[in-house]
Structure formats: structure tokens, C-alpha cells
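Counting in this note's numbering, the sequence shown runs without a single skipped number right up to 234 at its last residue. Below: the structure, in C-alpha cells.
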Amino acid sequence: MLYEHQSTKNPNMPLRNLFYVSDIYSSLTKDKNIYSSSLIKIPEPRFVVFYNGLDHVPEQSTLNLSDMYENPSGETSLELITQVLNINLGYNKALMDNCEALHGYAVFVDLVRKYQKAEHTLKAAVAKAINKCIENGILADFLKDNKAEVLKMSIYEYDEAKHIQLERKEAREEGQQEERQNSIKNLIEVCQDLNASEDDTVHRIMQKYTLSKNDAKKYITQYWKTNA
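Okay, here's the thing in C-alpha cells:
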């Protein structure tokens, strides 16, 4: 299963998932003869997006690759369906009841948004939400052990969502590419601070910025800091 968390709507996920699963299948079958008369078995894919942005979306919905075709014939030879699940607090109760971590995350995000209206800074709102969750036994052990990392990553995620919204409005303005590079550089720095591997960081860059693996690796080469 390929899954991704998003705080902004992206109708292009079926195409992105097509690229991702193609890379995965290529890797899985690289040592096999695809021209052989023997059938090669591959894992059945499933594509899911966990959405918790501010825009209204249904509790459950689907995105189809066929909806992206310029001149659909009505009977497509290639389809890819991506399921979108709204994980904001109050949605998908059955899923939340069966996944304590997901429910805890939804509560945490909801608290951050509420506190953000009263606090002067996002950092203060996130810190207050972390303390409240620990106090109420919500993701308590995880938050206690990773408080600094959660604070840093949460601020980054919220800033990134804001950046994406601004980027869409200013798509035709000069300097867009420079902002994009700075955003990717910041992502790489955060991933290094959290001790993520280069491969995990490459995958995250591919997901966030719809880049090929080769293009993502170029940013790693440019911005990844190695120990002297």
C-alpha cells in the first residue's frame, strides 16, 4: 500500500502514484526477465491519501487517473484509483476507533489549530498542544520521548502548508524556483536533524514536490551535509 499524508488538496495524486508504483515495480523486477514466457507475480497495489487540511473534503472520496485524461474515450485501458480519507477530528470514526495513534494525531492537530487562534506564535500553540496531549494521555509516551522533534516537525509542516498555498497564488511570479529550492533545502535539513536516511529523504522529496528520483537525488547531492 502506498499512502501519503497531505494538508493541501492535490488532484494529481493518481498520476503521482502511477510514477511511484512504476518505480517500485521496476525495482522489484529488475533481476527478472519480463520478456520470459513465465508469469511474473507482483504485489497488488493500493493507494491512500490521509487528508487533514482546512479545505472541506468528504469523509471518503476517490481520485481517478481517468479523470485526468484530456480526451477520454469512455473505456480506458489504464486506470488508477486513489482513496482519500479525511482524518480531521470528527471524521471516519470507525477508522479512528481502530487506530489509537491516528485518533491521537487528529486530536493533536485540532488542538494546535484552536490554540493558534489565541497564541502569538505557532511555536507556542504547538508546545501548548503537546503539553495538553501529554496531560490527557494522548500519544503521551511518544510525545514525552520526542517532544523537541515533534515541535520542530510540526512547525515545519504548518509552514510548508502555508508555503504551498502562497506558492499557488504566486505561481507566475519571479523567484518561484528559488523559493522551491529553499523549501527543499529546509526539508533536507529537517530530515537530517531527525536522523532520516538519504533514501527516506529522497522519497519524501519525490512525494512533496512531484520530482523524479534522479531530480530528488540532485538536491541531496547539493544540500546533504556530510560529516567532515
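Glycine residues also receive a C-beta, built at the ideal position from the N, C-alpha and C atoms.
N-terminal and C-terminal residue of the alpha helix (DSSP H) that residue i is part of
| i | result |
| --- | --- |
| Ser-67 | No alpha helix (DSSP H) holds Ser-67; the beta strand (DSSP E) holding it covers 66 to 70. |
| Tyr-41 | First-last for Tyr-41: undefined, no H or E at that position. |
| Tyr-57 | Note, Tyr-57: premise wrong, no alpha helix (DSSP H); beta strand (DSSP E) at 53 to 57. |
| Tyr-26 | 19 to 34 |
| Thr-207 | 204 to 215 |
| His-109 | 106 to 122 |
| Leu-8 | Per DSSP, Leu-8 belongs to no alpha helix (DSSP H); it is in the beta strand (DSSP E), 8 to 12. |
| Thr-227 | 219 to 229 |
| Lys-150 | 146 to 151 |
Reference residue i, options the options, closest by Cα
| i | options | result |
| --- | --- | --- |
| Ser-72 | Thr-88, Ile-211, Val-63, Gly-59 | Thr-88 |
| Tyr-75 | Leu-145, Val-54, Leu-21 | Leu-21 |
| Gln-198 | Lys-231, Ile-40, Asp-103, Leu-45 | Lys-231 |
| Met-159 | Gln-187, Asn-192, Ile-144 | Asn-192 |
| Met-19 | Val-54, Ile-46, Ser-42 | Val-54 |
| Ile-190 | Leu-45, Met-212, Tyr-97 | Met-212 |
| Asp-205 | Gly-80, Lys-150, Pro-51, Tyr-225 | Tyr-225 |
| Val-156 | Ala-124, Glu-125, Leu-69, Leu-200 | Leu-200 |
| Asn-188 | Arg-210, Leu-217, Tyr-229 | Tyr-229 |
Contact check, residue i vs residue j, beta carbons under 8 Å
| i | j | result |
| --- | --- | --- |
| Leu-24 | Leu-86 | yes |
| Ala-135 | Leu-117 | yes |
| Gln-122 | Ala-133 | no |
| Ile-93 | Leu-128 | no |
| Tyr-31 | Ile-48 | yes |
| Lys-219 | Asp-29 | yes |
| Asn-98 | Glu-65 | yes |
Residue i versus residue j: straight-line alpha-carbon distance, rounded
| i | j | result |
| --- | --- | --- |
| Ser-67 | Leu-91 | 7 Å |
| Ala-222 | Gly-143 | 39 Å |
| Ala-202 | Ala-154 | 15 Å |
| Lys-120 | Thr-227 | 40 Å |
| Val-196 | Leu-95 | 27 Å |
| Thr-35 | Cys-105 | 33 Å |
| Ile-194 | Gln-183 | 17 Å |
| Ala-234 | Val-208 | Confidence is the limiting factor: at Ala-234 the pLDDT is only 48, short of 50, which leaves the residue's position unreliable, though a coordinate-based value still follows. Distance between the alpha carbons of Ala-234 and Val-208 is about 22 Å. |
| Asn-77 | Ser-83 | 13 Å |
| Ser-42 | Pro-51 | 23 Å |
| Phe-148 | Ile-46 | 41 Å |
| Phe-56 | Met-102 | 12 Å |
| Asp-151 | Phe-114 | 16 Å |
| Gly-80 | Leu-69 | 16 Å |
| Thr-216 | Ser-33 | 19 Å |
| Glu-10 | Asn-39 | 31 Å |
| Asp-37 | Arg-186 | 36 Å |
| Ser-44 | Arg-210 | 35 Å |
Element boundaries [beta strand (DSSP E), containing residue i]
| i | result |
| --- | --- |
| Ile-136 | No beta strand (DSSP E) contains Ile-136, which is instead part of the alpha helix (DSSP H) from 128 to 141. |
| Thr-88 | 87 to 92 |
With a cut-off of 8 Å, do at least 3 Cβ pairs link the segment 9 to 19 to the segment 52 to 62?
Touching, per the Cβ criterion.
Answer yes if the segment 126 to 143 comes into contact with the segment 104 to 117, meaning at least three C-beta pairs across the two stretches below 8 Å, and no otherwise.
Judged by Cβ distances under 8 Å, the segment 104 to 117 makes contact with the segment 126 to 143, as three or more pairs qualify.
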